[in-house]
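All residue numbers for the sequence shown refer to UniProt numbering, where the first residue is 1 and numbers rise by one.
By construction, the Cβ of each residue, glycine as well, lies at the ideal position given by its N, Cα and C atoms.
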Amino acid sequence: MLQRNIVTLLALLAILAGCKKDNYDPPSSILKGRVVYNKEALGLRSNGVQMELWQHGYQLFNKIPVYIDQDGRFQAVLFNGQYKLTLLRGNGPWQDNTDSIDVNVNGSTEIDLAVTPFFTVGGTTFSYQPADSSVTATFTISQVVSGKTLESATLYVGATQFVDAINQIELTDVSPLATGTQLTAKVSLKSSKYSSSADRVKQLNLLSLYNKKYCYARIGVKTSGVAERIYSTVQQLKLP
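Quick look at the structure:
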């Protein structure tokens with residue numbers, strides 16, 4: 001989120017500087033959108049997937065990077081006009097679509113951008129078991145694109161609502177993998193399982209969860225040969 005805001009701010013400052021120099025109003029229109037499959041927003045790694053906006057024939061002809069939030073939403077401040085929205089090849093956990101999408105921005109504009117993910121994850125439930133200090137998740141993976149191979153499914157636990165393969169404190173992979181059937185993942189949050197000095201940071205991170213009395217959990221599913229994962233929604237769990 002912070003990285004996306006910084007990039008967006010720098011792009012906006014560059015535009016504002018040009019506006020001041022050329023004596024015209026800065027952009028004030030808002031483009032909001034979601035990346036969806038079957039009209040449902042897709043879960044992603046925050047700032048992990050980027051799109052590009054272009055406005056051809058305009059005085060300020062610059063690429064505008066647009067980053068997608070972990071809940072599949074994106075936003076940009078723009079001038080009114082016609083834009084081309086482009087998905088970057090190989091940048092998301094879905095089939096490539098390099099055709100530009102025409103977007104007409106006028107005031108506040110909202111769009112849904114439909115994609116075809118390789119897999120989806122649904123039916124997710126998360127729970128905390130005080131008896132053994134563990135988090136359990138149940139979920140189902142569905143294959144959408146035939147011929148693609150499921151590489152891994154992982155339960156992530158983090159300290160904030162931004163949970164993914166990068167931002168996490170504890171994780172566990174599911175084995176064996178399967179699609180179309182309910183899977184279960186379980187990970188211990190016991191700090192005592194890390195006893196060596198080399199694992200001191202991991203121990204402190206787990207202890208910090210209990211100090212705050214909550215954690216966040218999420219499932220991530222990876223397709224073989226694809227860098228970015230598709231994710232479930234994030235759920236907060238209360239800790240004793």
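Next item on the list: Classify Y214 as buried or exposed, calling it buried when 16 or more other Cβ atoms lie within 10 Å of its own Cβ.
Entry: exposed
Note to self: So, does the region 63-72 touch the region 129-143, judging by three or more C-beta pairs under 8 Å?
What the structure shows: no
Next item on the list: Buried or exposed for I230, please, with buried defined as at least 16 other CB atoms from any protein chain shown within 10 angstroms of its CB.
Entry: buried
Notebook entry, point to check: When the Cα atoms are used, what is the spatial distance from Q95 to V115?
Noted result: 7 Å
Next item on the list: Helix, strand or coil for R200, going by three-state DSSP, please let me know.
Entry: helix
Item checked: Classification of R89 by the beta-carbon crowding that lies within 10 angstroms, buried from 16 upward -> exposed
Note to self: Under 8 Å: do the region 101-111 and the region 147-165 share three or more Cβ pairs, one atom per stretch?
What the structure shows: no
Next item on the list: Going by DSSP, name the residue or residues bridged to T125.
Entry: T138
Next item on the list: Work out the CA separation of Q50 and K21 for me, nearest whole Å.
Entry: Confidence at K21 is low in this model, with a pLDDT of 49, below 50, so the placement of that residue is unreliable and no value is reported for it.
Next item on the list: Let me know the secondary structure DSSP gives residue 275 once reduced to three states.
Entry: Residue numbering for the chain in the displayed model covers 1 to 240; residue 275 lies beyond these limits and cannot be assessed.
Notebook entry, point to check: What's the call for K190, buried or exposed, on a 16-neighbour Cβ count within 10 Å?
Noted result: exposed
Next item on the list: Indicate whether T154 and A185 have their beta-carbon atoms separated by less than 9 Å.
Entry: yes
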